[in-house]
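Note sheet for the following structure.
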Amino acid sequence: MPELRPLDPSFPIQRQLALEASPVVLVNLLTLDKADEAAFLEAWRGDAAFMKAQPGFISTQLHRALGDSPTYLNYAVWESTEAFRTAFGQPAFQARIAEYPASAVASPHLFQRVAAPGICVA
1 MPELRPLDPS
11 FPIQRQLALE
21 ASPVVLVNLL
31 TLDKADEAAF
41 LEAWRGDAAF
51 MKAQPGFIST
61 QLHRALGDSP
71 TYLNYAVWES
81 TEAFRTAFGQ
91 PAFQARIAEY
101 PASAVASPHL
111 FQRVAAPGIC
121 VA
């Protein structure tokens, strides 16, 4: 089971899940031992397939750090915190978390898009 280490210790994912926002982006930075990469990727693919079937799921993309760093970044878009909270809280998903290698450290955080006139929309 991975260790959860908040990106912002003063506002961990458990507090974020209590908020209502729409849409939201889950950014999850994951580190692990290099020897555990194959097991990690297998567990992540299973999680991604599970989440893809959940109401409110829009998309996900996994990124790997360049070079020899066994660091990954998962980026997932959801219609709302409610949709993500419902999927994340399902017992079937919670059971899947145990499939990750013990060396994995996950730092999930929810974000909303920000508008910057002439650059991007919210």
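Mapping of the sequence shown onto UniProt numbering: position 43 corresponds to residue 43, and the numbering continues sequentially without gaps. Cβ atoms here follow ideal geometry from the backbone N, Cα and C, with glycine treated the same way.
_If you follow the alpha helix (DSSP H) that R64 is in, where does it begin and where does it stop?_
Membership of R64 in any alpha helix (DSSP H) is not indicated; the residue belongs instead to the beta strand (DSSP E) covering 57–64.
*Top-ranked residue by Cα proximity to T86, from E99, H63, P55*: Checking every option, the nearest Cα to that of T86 belongs to P55.
*Can you find a CB in chain D that lies within less than 8 angstroms of the CB of L62?*
In the displayed structure, chain D is absent; only one protein chain is listed.
*Going straight from the alpha carbon of E79 to that of P23, what length do you get?*
Their Cα atoms are separated by approximately 4 angstroms.
*Taking just the CA atoms, how far does Y72 sit from H63?*
Approximately 6 angstroms, taken between the alpha carbons.
_Coil, strand or helix - F11 by DSSP_ = In the structure shown, F11 sits in coil (DSSP, three-state: anything other than H, G, I, E or B).
*With a Cβ-Cβ cutoff of 8 angstroms, do A48 and T60 count as a contact?*
In contact: A48 and T60 (Cβ atoms closer than 8 angstroms).
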